[in-house]
Amino acid sequence: MIRTSRIEESRAFYTGLFGFKVTYETPWFVDLARPALPPRELGLIDLGHPAVPEAQRLPVRAVRIVLESEAGEAELQHALSRAGFDARRVFRPPGRAPGALTVMDPSGVRVHVVAPA
């Protein structure tokens with residue numbers, strides 16, 4: 323579950339770049355599923371919604387999400403640009419293996435992208 327003030331941008335990010343499908347959606351909550359094997363599920367919730375306890379109405383940033391992608395670095399940067407996202411959000415942390423990248427989602431959550439094994 324990612325608490326975010328950028329729910330629409332985050333939905334577009336995960337559906338456009340990583341193949342997630344919207345399985346349930348309200349103006350303040352989006353449930354996403356990725357049917358690939360292994361299947362993945364991800365929830366996005368508007369951090370300002372009354373369903374979120376007041377003490378937790380902060381963006382979630384300390385999350386590590388690992389997703390497999392057949393796309394290489396250049397293809398991922400191109401997809402980001404095509405979708406209107408800043409391609410500078412893609413970087414390779416020092417010491418990472420070739421094909422392993424980190425992408426920042428619109429809320430600032432780091433998504434570690436690896437090539438399929």
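Numbering (our numbering), first residue to last: 323 to 439. Quick reminder that beta carbons are idealized off the backbone N, C-alpha and C, glycines included. All of these numbers come straight from a predicted model, not from anything done at the bench.
Per DSSP, residue i forms a beta bridge with which residues?
| i | result |
| --- | --- |
| Thr326 | Asp368 |
| Ala355 | Lys343 and Glu363 |
What residues in its chain sit with their C-beta under 6 Å from that of residue i, if we drop five residues either side in the sequence?
| i | result |
| --- | --- |
| Val382 | Ile324 and Arg325 |
| Arg328 | Pro428 and Ser429 |
| Asp353 | Thr345, Tyr346 and Gly365 |
| Ala377 | none |
In its own chain, which residues sit with a C-beta less than 8 Å from the C-beta of residue i, not counting the 5 before and 5 after it?
| i | result |
| --- | --- |
| Glu330 | none |
| Leu379 | The sequence given here has Arg at residue 379, not Leu. Contacts found: Arg325, Leu369 and Gly370. |
Tell me which residues share the same chain as residue i and place their Cβ nearer than 7 Å to its Cβ, disregarding the 5 neighbours each side in the sequence.
| i | result |
| --- | --- |
| Arg356 | Phe340, Gly341, Phe342 and Arg362 |
Stretch pair the stretch 331 to 339 + the stretch 348 to 365: three plus CB contacts closer than 8 Å: yes
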